[in-house]
Amino acid sequence: MLVKTNDGSFTLKNQKYNECYHSSEGAVTESLYKHVFPAFDVAKKFNYYGGEIKILDICFGLGFNTFLSILNRPKDIKLQIFSPELDEDLIRSLKNFPYPKEFETIKHIIYEVSDNLKYEDSYVKIEVSIIDAREYIKSIEKVDIVYQDAFSLKVNPELWTFEYFKDIDSILNPKGVLTSYSVATPFRCALYKLGYNLYTHPYENIRKGTIASKAILDFEKVDFEEKLKRIDCRVLRDEK
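The numbering used here applies: residue 9 is where the sequence shown begins, and numbers increase by one.
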């Protein structure tokens, strides 16, 4: 079901999970301010990791995180974007999705991904794999950015467990960054227990998200130590 969001962009409601791919704040707004902008700020801080940024986009969905990363790609920096996705029919349908006008310049990329699940030129490489995300992350090498954008832990808990983030930790560059729309305590507890510093974005007029890195960043730090005086740091666990 097509849903118009507050910034004028459209998203879809997933029938299996009974959730939209984006919040009512807007597909473009959420992708830019909770993922792309803070992640690229970190990449800039560390000199764009030597001229190439490797991104793990969990999960591909409508592709806003990937496509907006391309539209905001720093000059002369190559992007490699890897993304698992279970819904192949969704990917095949993306060439007919009503993206915002600013996506017109990358229409050829959207078509190529929709048809072939991949795209590559001198500065952009995209690979979408129709596979379970938990299996996928065990097969890829180090990445610099993780867009943790799965459906919520209430409906998709397997992509929010401590064991899942332990696997993410094993492939994330020590100076890398994980971004998410979520501020859920079990999610933040998992990252905290894995040694991550927790931050939130500085942007106004949009709900807070989470920025996590083992490096020291310039964002507003979440005082999780103070919170732990009031709550028990419980994480989600894989079912045995």
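Glycine is no exception: its CB is placed at the ideal position from the N, C-alpha and C atoms.
Problem - Simplified DSSP state of residue 96, which is helix, strand or coil - result: helix
Problem - Three-state class that DSSP yields for residue 135 in the structure shown - result: strand
Exercise for the section: Could you tell me if residue 163 is buried or exposed, where buried requires 16 or more neighbouring beta carbons within 10 angstroms of its beta carbon? Expected result: exposed
Exercise for the section: With DSSP collapsed to three states, give me the class of residue 50. Expected result: helix
Exercise for the section: Could you have a look at residue 74 and say whether DSSP puts it in helix, strand or coil? Expected result: helix
Practice task
Kindly indicate which three-state DSSP category residue 19 falls into: helix, strand or coil?
Solution key: strand
Handout entry: Residue range of the beta strand (DSSP E) that includes residue 104
Key = Here residue 104 belongs to no beta strand (DSSP E), and DSSP marks it neither H nor E.
Exercise for the section: Determine, using beta carbons only, whether residue 8 and residue 245 come nearer to each other than 8 Å. Expected result: The shown model of the chain, from 9 to 248, leaves out residue 8, and the question about it has no answer.
Practice task
Would you be able to state if there are at least three C-beta pairs under 8 Å between the segment 130-145 and the segment 80-97?
Solution key: yes
Handout entry: Three-state class that DSSP yields for residue 90 in the structure shown
Key = strand
Problem - residue 205 in three-state terms, based on DSSP - result: strand
Problem - Delimiting residues of the alpha helix (DSSP H) encompassing residue 155 - result: Counting along the chain, residue 155 falls outside any alpha helix (DSSP H), though it belongs to the beta strand (DSSP E) covering 151-156.
Exercise for the section: Count the other C-beta atoms from every protein chain shown that fall within 10 angstroms of the C-beta of residue 38, then say buried if there are 16 or more, exposed otherwise. Expected result: buried
Handout entry: Beta-carbon proximity of residue 232 to residue 200, cut-off 8 Å
Key = yes
Practice task
Quick one: using the 10 Å Cβ neighbour count with 16 as the cut-off for buried, is residue 182 buried or exposed?
Solution key: exposed
Handout entry: Boundaries of the alpha helix (DSSP H) in which residue 124 is found, first to last residue
Key = 115-124
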